[in-house]
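Visitor: What follows is a single structure, and I will ask about it in a moment.
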Amino acid sequence: MSCPHVRIMTLLLASALAACAGTPPRAPPADAAGHAAGPVASAADPAGRLRGFQLARRYSDVVRIDGRDVQQQVEYGFDYDRAATVRRIFDVQGRLMSEDVFEAESLRANAAEEARLHELVRTHPQLGPMMEQPDLLVHSGGFVVREADDPYCGLHSRCLRYIVSRGDGSIPHIHAVVDLVSDRVVHPFYDDKTPAKKAP
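Letter by letter, the sequence shown follows residues -21 to -1, 1 to 179 in mature numbering (1 follows the signal peptide of the UniProt record, and there is no 0).
Next up, the structure:
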């Protein structure tokens, strides 16, 4: 049986995404010469930058090898040192059997990644003051942005949307994109005409 609260939150998030997609794009800040500036740095502690392997999911599996069933533990995660998704397979004793890199595969954010997303937005000079308003609802879930023509969110990026609404969740407030590989907010005021891609 589905939970009414979950259905309501799903509808509110869909509404927030649709509203953000329909909002005219906000121009990025420009320098004195009128040229668009690059991403503005957050004041987050650099010691909190994510490194190494961040586990996204783990499960048990049984495969047929040489005519017998072999139990395995499978892990998927994002490796920040290689800037790519990695799959690791272990035997029942915990010994690594294989490791594969999937550069184009996306994964939803884990708890540590979501915490870093929040911190980078909270300490951002443009978004931080917006996060201080009351009645805010942060939509978590790890919506991935991967665009070949995006200067910040192409291959080897870890771009995730950070969506905040107000009131009952139907009023758009923040729609930003954070790249956790470069550890910065790359699109503080994001506008996209395509639906968000939610990682598995």
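Glycine residues also receive a C-beta, built at the ideal position from the N, C-alpha and C atoms.
#1: Name the one or two DSSP bridge partners that Val65 has.
#2: Contact check, Pro167 vs His103 under 8 Å by CB: the rounded distance?
#3: Excluding the five sequence neighbours on either side, which residues of its own chain have a C-beta within less than 8 Å of the C-beta of Gln112, listed in chain order?
#4: Starting from the Cα of Asn89, find the closest Cα among Phe122, Met76, Val49, Arg61 and give me that residue.
#5: Kindly provide the ranges of any alpha helix (DSSP H) runs that are 4 or more residues long and lie completely inside the stretch 112 to 161, ordered along the chain.
#6: Hey, quick one: how far does the alpha helix (DSSP H) through Arg37 stretch, first residue to last?
#7: Should Ile142 go down as buried or exposed, given a rule of 16 or more other Cβ atoms within 10 Å for buried?
#8: Can you name the start and end residues of the alpha helix (DSSP H) that His103 belongs to?
#9: Below 8 Å on the Cβ atoms is my guess for His135 versus Ala63; work out the distance and round it to an integer in Å.
#10: Out of Arg87, Asp162, Val42, which has the shortest C-alpha to C-alpha gap to Ala22?
#11: Which residue comes first and which comes last in the beta strand (DSSP E) that contains Val164?
#12: Any contact between the stretch 72 to 84 and the stretch 34 to 45? By contact I mean 3 or more CB pairs, one from each, below 8 Å.
#13: Going by CA-CA distance only, name the one from Ala155, Val42, Glu84 that's closest to Ile68.
Guide: In this structure, then:
#1: Gly56, Val80
#2: 6 Å
#3: Arg145, His152
#4: Phe122
#5: none
#6: Per DSSP, Arg37 belongs to no alpha helix (DSSP H); it is in the beta strand (DSSP E), 32 to 44.
#7: buried
#8: It is not in any alpha helix (DSSP H) - His103 carries neither H nor E in the DSSP assignment.
#9: 7 Å
#10: Asp162
#11: 163 to 166
#12: no
#13: Val42
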